[in-house]
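**Student:**
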Amino acid sequence: MKNVQALTYKSGLKKAEYLIKKGTATDVPCKISPEAYFDALKLDPKLKNIVDSSAARQNNPGLKKFYTYSNFWTASQRRKIRSTSPESYIEALKLDPKLKLIAHSKVARKNNPTLEKFFTYATKTSSKIRLNSVVKKLERISPMD
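Quick note, our numbering runs 89 ahead of the 1-based positions in the sequence shown.
#1: Helix, strand or coil for Asp-128 per DSSP?
#2: In chain order, what residues of the same chain lie with their CB nearer than 7 Å to the CB of Ile-179, ignoring the 5 residues before and after it?
#3: Compute the distance between the beta-carbons of Leu-130 and Ile-109, then report whether it is under 8 Å.
#4: Go ahead and pull the three-state DSSP assignment for Lys-213.
#5: State the Cα-Cα distance for the pair Lys-199 and Leu-184, rounded to the nearest angstrom.
#6: According to the Cβ coordinates, are Ala-125 and Tyr-158 closer than 8 Å?
#7: First and last residue of the alpha helix (DSSP H) that includes Lys-199?
#8: Taking its Cβ as the centre, do 16 or more other Cβ atoms sit within 10 Å of Tyr-235, making it buried, or is it exposed?
#9: So, for Asn-92: in the same chain, excluding its five sequence neighbours on each side, which residues have a beta-carbon less than 6 Å away from its beta-carbon?
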């Protein structure tokens with residue numbers, strides 16, 4: 090398993106080095122991890138500890154590239170996580186689909202912390218209108234007994 094991970098990392102590193110050398114920085118985003126990008130830029134490993142310093146980024150353009158890429162990569166990963174639909178999320182939590190119908194109830198959420206996770210996720214990722222439409226759709230499909 091470690092060999093596969095090492096080969097994958099080396100492959101990503103070579104790809105990043107090629108894209109950086111070619112000068113197509115727009116092709117790199119989200120294709121490799123920030124760590125591989127840092128290594129591809131061939132920056133001093135000590136610089137990783139001071140990447141948050143604006144003075145250090147000003148004095149080192151490679152560090153500025155890494156910082157920008159790292160922030161972009163982190164934001165894109167958040168978007169990927171948020172792009173999961175509430176329906177998929179409730180399945181991942183292994184909740185009974187009928188619980189979606191009472192997810193808005195504070196008492197139900199208090200008695201079921203996992204339902205609280207779903208409700209928080211559903212209200213953050215989509216508007217309440219969408220949550221209501223999901224509830225109405227589920228009521229038509231499987232009315233609560």
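Glycine is no exception: its CB is placed at the ideal position from the N, C-alpha and C atoms.
Because the structure is a prediction, the values reported are computed rather than measured.
**Tutor:** In short:
#1: Helix.
#2: So the list reads Pro-186, Lys-189, Phe-207, once near-sequence residues are dropped.
#3: Contact: yes.
#4: Secondary structure of Lys-213 (DSSP, three-state): helix.
#5: Taking the straight line joining both Cα atoms gives about 15 Å.
#6: Taking 8 Å as the Cβ cut-off, Ala-125 and Tyr-158 do not qualify as a contacting pair.
#7: For Lys-199, the uninterrupted alpha helix (DSSP H) run begins and ends at 195-200, by DSSP.
#8: This structure gives no information on residue 235, because the portion of the chain shown stretches from 90 to 234.
#9: Correct list: empty, nothing qualifies.
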